[in-house]
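Asks: Below you will find the structure I want to go over with you.
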Amino acid sequence: MKYASNTARRNTLAVALISALMAAAPAMAQDKATNLDKITVTGSLIPQTQVETQTPVMSITAQDIQTRGFSSVAEVLQQSSLTTGGLQGGQTSGSFTQGAEAAGMFGLNPGYTKYLINGRPMLSYPALYNGSETFNNISGIPIDIVERIEVLPGGQSSLYGSDAIAGVVNIILKERMDGGTMTVRGGTYTEGGGSNIRFSAAKGFNAFDDRFHALFNVQIENGSPIWGYQRDITRQNNPVGYTAQVPSNDFAVITNADNKLLMMDPSRCANVAGLYDGTTVVGQRASGESCGSVYSAGYKTLKNGKNSGQFYSSMTFDVNDNFQLFADVLYSKEKTEFTSGSSALWWGTKSVMGGFYDQGLNKVVNLQRAFAPEEIGAGGYNNILNSDESRAYQVTLGGKGMVGDWDYSASFTRGEYRLDQNRFVRWKDKIEDFFGQTVLGPRLGTSADGFGIYNPNYAAFYSPITQDQFASFTGYGTHRSKTWQNLGRVQVTNGSLFSLPGGDAGLAVVLEGGSEGWDYSPDQAFVDGNVWGATAVAGAGHRSNYAVTSELRMPLHDKLTVSASGRYDAFKIADKTVDKATYSIGLEFRPIESLLLRGKYGTAFRAPTLSDAFQGMSGSYSSGQNDYYRCSQLGYGLRDEACSFYKNTSVYSEKSGNPDLKPITADVWSAGVVWAPVSNFSLSADYYNWKIKNEVKTLSSDQLLLAEYQCHNGLPNNTSASCGDVTNWVSRDAGGNLTRVYTPKLNVASQNLEAVTVAAKYQQDIGRFGSLMFSGNYTNMLKREVQPMPGAAKLDLLSDPYNMWYYDNFAKVRGDLSVAWNIAKFTTTVYANYVGSTPNYLAYTGRSYGYVHSSGAKAGKWGSYTTYNLSMNYQAQEDLVLSLMVNNVFNKLPEGQRYNYPGNESTPFNDGFYSVYGRQISAQAKYNF
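Written out as structure tokens, the structure is:
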């Protein structure tokens, strides 16, 4: 099929950037770097010759991925200099999406980044980040068939629609291949665990006089988990903290009034001493004594076990010189396994009874005990792993061609993502019956303050249970969920619409329409309250949408180009239309060939997600609430502690999604410079500014009750809701007592961000010693302000360690640097990943950098943190490349952070940002045929 191409001006800037991109492939002749035919890059719909335009684009090639040691798309994006925020994943034990992989930009919610595969939106993950937020799971993408990843920072909704507030990530898979490849990669961690092996094969085909091309790829991967006991920092409760190390409260009797520990075992833990591999002892604290082990902390996974397989195919058929049919399909099947360990597998009386009156002690107490691996049975926690099993596909069919000066394409994409979450559970009735019969005994009556009276058998409480007994009240429950998406897309483009002094103007127009759905159906036992210590919330809904996008690129002068784009999106959600128009205007000014000055202003948005609109109802009781309105009726002032209803009210609170939400909106602008004085060097620096409004948050009971008081007293209320809604959401009985409050998701929060990014590339030919290629990226967060509610004080996250940790757990500065040396058949690459200083744990808990604990330990910042990867590639023969990769060469671990945590902490490091995996050694063989 023939395509029109226009030879570019061979200016120094474009040549330098193309040369830098091509430097990683030394087999290509350098004069090919100056062939600047028009290409389409993420950030524009119009093919153009300039690699650098008004919009910065970070491109990570397949060569970069391999030589820098990355083994997955998730690793590439999570270690990007743009990923300044903390993330939940396999290392964050007990998180809602422990089996998934997420990434974001500039510390913003992962859902604020638009993820594309081959330019088409990725399916949303069926489970919710933080239990409430829609996001994309970037696992399940076959890394060996990735051609490049293009990262586009800043608001991009005028081209890509909803979610593109922080930026856009386009994962571009190979479409064509001459011949085939087979790749085998295996590796392990020197600290233990995490062994991994991956096999992939790809083959290209052509037929019908080279009019038909097809590419098929299969990738299979198997990885074992990393356990807490395989790392010194997590194998036991913190031994070097600012308080003395203490065992976990694995068997504890706790007073209800003041949380004192009582030792009620006459044998002083002798009967349970064999648990946790014989490490259970009497634990002594200021609050009393209990039985426990410092090593019970190690029975959790830090890295998920994983079995996965992917199939990918891309096909094209040239019907004639001006029309081509195309199709691609991506299918992924994945199973991840993990556990939160004994901290999440226990029984106690507090959760169900709230406490009981011990007849012998004449006190209200609670019992609490964890389950040791010896009680679980052979294999221990390894035999009761939770698992996430997913199956996802995305299929695209379409055609593209030319009519005169116009290029056109039309496609339809269908995708579906199914997820089964298998959760190890304790059945409520069975576990309560078991401990009721063996430990608590019969109820003897009711105390004056309403607690059940018992005479517990403490000898039975301080005794191991058998494997059969454990199995009698445990099992598995399965949550089933799915998302689906249909998208039709038509685009017409004219790269030579009319002539201007600087060249031809270009125009692109896109029409899109489709629908998407979400269904989260938890195991009914969770919904009905039949699972001990856990609940789940159902939700389901769908939306349809259409959009119109246009982009105009005008080279007004050979030194000045203006680009403008606009988009209108409309969503039908619960019989209501939510629409938003966005736009952007960009300038490119080239005063000299080697210098580009660029700037862009635009708007961005995020439509109400299906989970925000349709998440089901859940309820809970909370005590110690403030009934502001009731106190005002009794004549008390706001927050007058003399009122008996202040800090002393029990409230039943319900929450759910809200189909009446408005879009999250953002004004985003950027300005930058690109300098390429010679053909082998380029340097860029860009400034970004966001003003984000209408962010979605769930109201707290206190916020709603304060709004009720404000509405009844004629004051502006502290939410975005009307006083009519506030009144409807608070229910009282005839006596004025609170019976229910409803706290939906609302558009209430806003934030302001400023950031600077710097990127540099340099190539140096060193004669018979080969060539060197340097590449570096740097991000500095200059400002991060959050306003959680209308009228509330703005929180400066950069100066406030508590809120910096609470909101995003992010670093102010992040960067990376790679140096590649090519000589003859060898390529050696060193890659450094840098994280700037972050608040330490005491700065967070003490809410100040100046806080000093009574032990003398001080709040402050953890210092900068740099890890290094090393790879060596050897072209053993023309069709065989052998590689050795060592990630985290110096086995850098956040062990120094332990000194800033207490001695009872089982995870004494910031697990949302730092890794304890340590050094990984991998070998790879790639055979081309």
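Sequential numbering of the sequence shown, starting at -3, is according to the working numbering. We treat Cβ as the ideally placed atom computed from N, Cα and C, and that holds for glycine.
For D515, name the three-state secondary structure that DSSP assigns.
Replies: Taking the first residue of the sequence shown as position 1, residue 515 is located at position 519. If DSSP states are grouped into helix, strand and coil, D515 belongs with the strands.
Asks: Which residues does DSSP list as the beta-bridge partners of D403?
Replies: Walking along the sequence shown from the start, residue 403 turns up at place 407. Per DSSP, M398, T489.
Asks: What number of angstroms, rounded off, separates the C-alpha of G772 from the C-alpha of S814?
Replies: Numbered from 1 along the sequence shown, position 776 holds the residue referred to as residue 772. Numbered from 1 along the sequence shown, position 818 holds the residue referred to as residue 814. Spanning the two alpha carbons is a distance of roughly 6 Å.
Asks: Spatial neighbours of P22 within its chain, please: C-beta separation below 6 Å, excluding the five flanking residues on both sides.
Replies: Stepping through the sequence shown from its first residue, residue 22 is reached at position 26. Bear in mind that a pLDDT of 38 at P22, under 50, signals an unreliable position, so the model cannot answer this.
Asks: Using DSSP with H/G/I as helix, E/B as strand and the rest coil, what is R365?
Replies: Reading the sequence shown from its first residue, position 369 is the one you call residue 365. If DSSP states are grouped into helix, strand and coil, R365 belongs with the strands.
Asks: Alpha carbon to alpha carbon, how far is I461 from G859?
Replies: Numbered from 1 along the sequence shown, position 465 holds the residue referred to as residue 461. Numbered from 1 along the sequence shown, position 863 holds the residue referred to as residue 859. Approximately 46 Å between the Cα atoms of the pair.
Asks: Closest to W480 by C-alpha separation, out of K821, D425, Y738, N132, would be which residue?
Replies: On the sequence shown, position 484 is the one that residue 480 refers to. Minimum Cα distance to W480 is reached at N132.
Asks: Can you tell me whether T442 is buried or exposed? The criterion is at least 16 other CB atoms within 10 Å of its CB, across all chains shown.
Replies: The residue given as residue 442 occupies position 446 in the sequence shown. The residue is exposed, with fewer than 16 neighbouring Cβ atoms inside 10 Å.
Asks: Going by DSSP in three states, P149 sits in which element: helix, strand or coil?
Replies: As a first step, residue 149 is located in the sequence shown; it is residue number 153 there, counting from the start. Looking at P149 - three-state DSSP - the assignment turns out to be strand.
Asks: What runs of the alpha helix (DSSP H), each 4 residues or longer, lie entirely inside the segment 754 to 826?
Replies: Entirely contained in the segment 754 to 826, the alpha helix (DSSP H) runs reaching 4 residues are, in chain order, 797 to 803.
Asks: Counting Cβ pairs closer than 8 Å, one from the segment 848 to 859 and one from the segment 873 to 880, do we hit at least three?
Replies: No contact exists between the segment 848 to 859 and the segment 873 to 880.
Asks: Looking at C-alpha atoms only, which residue of G200, P740, P890 is the closest neighbour of D174?
Replies: Against the sequence shown, residue 174 aligns to sequence position 178. Nearest C-alpha to D174: G200.
Asks: In the DSSP assignment, find the unbroken beta strand (DSSP E) run with E704 in it and report its ends.
Replies: Mapped onto the sequence shown, residue 704 falls at position 708. Element bounds for E704: not the beta strand (DSSP E) but the alpha helix (DSSP H), 697 to 708.
Asks: Quick check: what's the CA-CA separation for G446 versus D354?
Replies: Taking the first residue of the sequence shown as 1, we reach residue 446 at position 450. Taking the first residue of the sequence shown as 1, we reach residue 354 at position 358. Taking the straight line from one Cα to the other gives about 13 Å.
Asks: Would you list the residues sitting across from N743 in a DSSP beta bridge?
Replies: Within the sequence shown, the letter at position 747 stands for residue 743. Answer by DSSP bridge pairing, in chain order: V692.
Asks: Taking only three categories from DSSP, how would you classify F905?
Replies: If you number the sequence shown from 1, residue 905 lands on position 909. Of the three classes helix, strand and coil, the one that applies to F905 here is coil, per DSSP.
Asks: Do you know offhand how far P604's Cα is from G279's?
Replies: Here residue 604 refers to the residue found at position 608 when the sequence shown is read from its first residue. Here residue 279 refers to the residue found at position 283 when the sequence shown is read from its first residue. Their Cα atoms are separated by approximately 50 Å.
Asks: Give me the residue from M260, S289, E285 with the minimum Cα distance to G274.
Replies: Position 278 of the sequence shown, counted from the start, is the residue given in the question as residue 274. The candidate whose alpha carbon is nearest that of G274 is S289.
Asks: So, under 8 Å CB-CB, S154 and Y579 are touching, yes? Tell me the CB distance rounded to an integer number of Å.
Replies: Locating residue 154 in the sequence shown gives position 158, where the first residue counts as 1. Locating residue 579 in the sequence shown gives position 583, where the first residue counts as 1. S154 to Y579, Cβ: 5 Å. Contact.
Asks: Using the DSSP secondary-structure output, state which residues sit across from A266 in a beta bridge.
Replies: In the sequence shown, counting from the first residue as 1, residue 266 sits at position 270. Per DSSP, none; premise fails for A266.
Asks: Threshold first: 3 residues or longer. Then list the beta strand (DSSP E) segments lying entirely within the segment 542 to 619, N to C.
Replies: As far as the segment 542 to 619 is concerned, its whole beta strand (DSSP E) runs of at least 3 residues are 556 to 569, 572 to 588, 591 to 602.
Asks: Helix, strand or coil for N865, going by three-state DSSP, please let me know.
Replies: Residue numbering aside, residue 865 sits at position 869 when the sequence shown is read from its first letter. Strand, per DSSP.
Asks: Suppose you measure from the CA of G498 to the CA of L591; what does that come to, to the nearest Å?
Replies: For the purposes of this step, residue 498 is identified with residue 502 of the sequence shown, where counting begins at 1. For the purposes of this step, residue 591 is identified with residue 595 of the sequence shown, where counting begins at 1. So the two alpha carbons sit approximately 16 Å from each other.
Asks: So, at 7 Å on beta carbons, what are the nonlocal neighbours of G157 in its own chain, with the 5 sequence-adjacent residues on each side left out?
Replies: For the purposes of this step, residue 157 is identified with residue 161 of the sequence shown, where counting begins at 1. The residues are A543, R563, D565.
Asks: Can you name the residues that DSSP bridges to F420?
Replies: Counted from its first residue, the sequence shown places residue 420 at position 424. According to DSSP, F420 bridges with Y472.
Asks: So T735 is in the beta strand (DSSP E); what residue range does that whole segment cover?
Replies: In the sequence shown, residue 735 corresponds to position 739, counting from 1. Per DSSP, T735 belongs to the beta strand (DSSP E) from 734 to 738.
Asks: Would you call Y617 buried or exposed, if buried means 16 or more other Cβ atoms sit within 10 Å of its Cβ?
Replies: As a position in the sequence shown, residue 617 is number 621, starting the count at 1. That one is exposed.
Asks: Give me the Cα-Cα distance between V664 and G151, rounded to the nearest whole angstrom.
Replies: As a first step, residue 664 must be located in the sequence shown, where it is residue number 668. As a first step, residue 151 must be located in the sequence shown, where it is residue number 155. Roughly 6 Å between the two C-alpha positions.
Asks: State the Cα-Cα distance for the pair V574 and I660, rounded to the nearest angstrom.
Replies: Reading the sequence shown from its first residue, position 578 is the one you call residue 574. Reading the sequence shown from its first residue, position 664 is the one you call residue 660. Approximately 11 Å between the Cα atoms of the pair.
Asks: When burial is assigned at 16 or more other CB atoms within 10 Å of the CB, is S918 buried or exposed?
Replies: Position 922 of the sequence shown, counting from 1, holds the residue named residue 918. Per the 10 Å Cβ criterion, buried.
Asks: If you follow the beta strand (DSSP E) that E171 is part of, which residue opens it and which one closes it?
Replies: For the purposes of this step, residue 171 is identified with residue 175 of the sequence shown, where counting begins at 1. Premise fails: E171 is in no beta strand (DSSP E) and is neither H nor E.
Asks: Got a sec? Which residues, its chain only, sit under 8 Å from H538 by beta carbon, not counting five neighbours each side?
Replies: Taking the first residue of the sequence shown as 1, we reach residue 538 at position 542. Here the set comprises S511, E512, G513, W514, L606.
Asks: Helix, strand or coil: how does DSSP classify L119 here?
Replies: Here residue 119 refers to the residue found at position 123 of the sequence shown. L119: coil per DSSP, three-state reduction.
Asks: Please identify the residue among S405, H475, S468 whose C-alpha is closest to the C-alpha of R414.
Replies: By 1-based counting over the sequence shown, the position of residue 414 is 418. Nearest of S405, H475, S468 to R414, Cα basis: H475.
Asks: Run through DSSP, which three-state label would I917 get?
Replies: Your numbering for residue 917 matches position 921 in the sequence shown. Three-state result, I917: strand.
Asks: Three-state secondary structure (DSSP) at Y225?
Replies: Numbered from its first residue, the sequence shown carries residue 225 at position 229. DSSP places Y225 in helix when its eight states are reduced to three.
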